[in-house]
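Those protein sequence lines, which keep their order, are chains Y and W. Using this note's numbering, the letters of the first sequence map in sequence onto residues 999 to 1181. Using this note's numbering, the letters of the second sequence map in sequence onto residues 999 to 1181. Glycine is no exception: its CB is placed at the ideal position from the N, C-alpha and C atoms. As the structure is a prediction and not an experimental result, all values here were calculated from the model.
There are 2 protein chains.
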Amino acid sequence: MRYPPEHKARARRQLLASAGALAKRDGFAATGVDRFMAEAGATSGAFYAHFGSKAAMFEAVVEQELAQSLAMLGDDPADPAALARFVERYLSLAHVEHPEAGCCLPSLAAEIGRGPEPVRARFEAAMQALHARVAAACADPERAWPLIAQAVGAVLLARAMHSTDSRAALLGAVRRDAATPRR
Amino acid sequence: MRYPPEHKARARRQLLASAGALAKRDGFAATGVDRFMAEAGATSGAFYAHFGSKAAMFEAVVEQELAQSLAMLGDDPADPAALARFVERYLSLAHVEHPEAGCCLPSLAAEIGRGPEPVRARFEAAMQALHARVAAACADPERAWPLIAQAVGAVLLARAMHSTDSRAALLGAVRRDAATPRR
DNA sequence: GTCTATAGAGGGATAGAC
DNA sequence: GTCTATCCCTCTATAGAC
């Protein structure tokens, strides 16, 4: 073997990281295998040493991105203050303007919804783990899904807007509502 | 002329309607010109009699779909009860399961965000009209953006889930939160 | 494991007949 | 205005050299 045994695992990890960023920025279906490999500093021929098909890579990207989102919620299992800080960062202009570095849900959820059953099953499991984490940090566990939906929807819509002012107006209104206790 | 003068306008309207449905179901970029035309009962050669390019059709589809969404809010300019009914229908399992017949925001907002400036400018104008309508029907106008973001995010995420139970749990929680007055 | 080269399918767009 | 036929490009995936 001309490559050390860890080479493949490392190459795959780097490939998945750059592919995740590229997929979030330009869309997964809209990005060709050639571009994914070029971004990782390789050519398309090497792709199939790591994934059986482009669809298989989508599964891996989604799994990796959702695990990362879960990890970003913090290690503390149920800290309301940490959740509040997370939501503030999530609903920031910086997050809206840099999809490649952000959460995969506003960028890729529509494509996941159109994907095959295995992808949606993995997605569902990851989302339930995320939901449990958020619910544990909420005064009312029933607030978890509404909070998640609101945050994802806000970033999705802000990204589709043209002016920074409109984006900021939307994000500000949602930030205030997310921080408002329910009756 | 072998076709009556209204023929082109009618053909274009039918084409836009079927293209909107197809784009919402399968994604706009992922659907080829051939399939858009086949769905309208024609062939790809006729496409360019109506649109200068595929990108031009995207603009037209987005404009048409957003106008339709606005119209579905009802003619009554500021009726809180009509808004509540609209939100209930929006957050239904039927809406989640039939993207082709539903709102274009959960389906196409990510693609709009990746689109060229003219598309995002049209989007922004339409969204501000929609926001004004919703704000007029809310007790607190500041609730308009949060409510819209929440509804769009909920449908987007529910569509990506695999099981009907999970979809219903998410939708139910968001419906309850949307109907809860803020302090 | 990664490369170059290529097969085979499908994409957007145009030309010319009717 | 719509058709068929076609150009050229890009896409996914495979083959064979190293």
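Chain-order list of chain Y residues neighbouring F1121(W): A1158, M1159, H1160, by C-beta distance under 8 angstroms. Against chain Y, the beta carbon of Q1148(W) has neighbours under 8 angstroms at P1144, A1147, Q1148, G1151, listed in chain order.
Judged by DSSP secondary structure, T1162(W) falls within the alpha helix (DSSP H) whose first and last residues are 1162 to 1176. Per DSSP, reduced to three states, the secondary structure at R1180(Y) is strand. Against chain W, a Cβ distance below 7 angstroms from R1112(Y) picks out D1024, G1025.
For E1061(Y), there are no C-beta contacts with chain W under 8 angstroms, since the nearest C-beta of that chain is about 13 angstroms from it.
The alpha helix (DSSP H) runs lying completely inside the stretch 1088 to 1164 of chain W and spanning 4 residues or more are 1091 to 1095, 1102 to 1111, 1115 to 1134, 1142 to 1158, given in chain order. R1157(W) and I1110(W) have their C-alpha atoms spaced approximately 18 angstroms apart.
With a cut-off of 8 angstroms on Cβ pairs, the stretch 1027 to 1046 of chain W is not in contact with the stretch 1079 to 1086 of chain W, counting fewer than three such pairs. Contact between D1175(W) and R1174(Y) fails: their C-beta atoms lie close to 15 angstroms from each other, not under 8 angstroms.
With a beta-carbon spacing of about 5 angstroms, V1059(W) and G1018(W) fall inside the 8 angstroms limit used to define contacts.
For F1034(W), the enclosing alpha helix (DSSP H) covers residues 1031 to 1037. What R1181(W) touches in chain Y, judged by beta-carbon distance under 9 angstroms, is T1178, P1179, R1180, R1181, going in chain order. Taking all protein chains shown into account, G1100(W) has 16 or more neighbouring C-beta atoms within 10 Å of its C-beta and is therefore buried.
Annotation for L1071(W): no alpha helix (DSSP H) segment contains it, and DSSP assigns it neither H nor E. Cβ neighbours of P1097(W) within its own chain (closer than 6 angstroms, five residues either side excluded): K1022, R1023, S1105.
The beta carbons of M1159(Y) and R1118(W) sit closer together than 8 angstroms. If you ignore the 5 residues before and after D1074(Y), its C-beta comes within less than 8 angstroms of the C-beta of A1080, all in its own chain and listed in chain order. DSSP places G1050(W) in no alpha helix (DSSP H); its state is neither H nor E. Under a 10 Å Cβ-count criterion, Q1148(W) is classified as buried, with 16 or more other Cβ atoms of the shown protein chains found around its own Cβ. Minimum Cα-Cα distance from A1166(W) among the listed residues L1168(Y), E1122(Y), E1063(Y), Q1012(Y) corresponds to E1122(Y).
By the neighbour-count definition (other C-beta atoms within 10 Å, threshold 16), M1070(W) is an exposed residue.
In the three-state reduction of the DSSP assignment, A1028(Y) falls in the coil class. Interface residue (Cβ-Cβ distance to chain W less than 8 angstroms): S1042(Y) is not classified as such. M1125(Y) belongs to the set of residues whose beta carbon lies under 8 angstroms from a beta carbon in chain W.
For the pair A1108(Y) and L1020(W), the CB atoms are not nearer than the 8 angstroms cut-off. Contact between P1078(Y) and A1135(Y) is confirmed by a C-beta separation of about 5 angstroms, below the 8 angstroms threshold.
By the neighbour-count definition (other C-beta atoms within 10 Å, threshold 16), G1043(W) is an exposed residue. Spanning the alpha carbons of F1034(W) and R1010(W) requires a straight line of approximately 12 angstroms.
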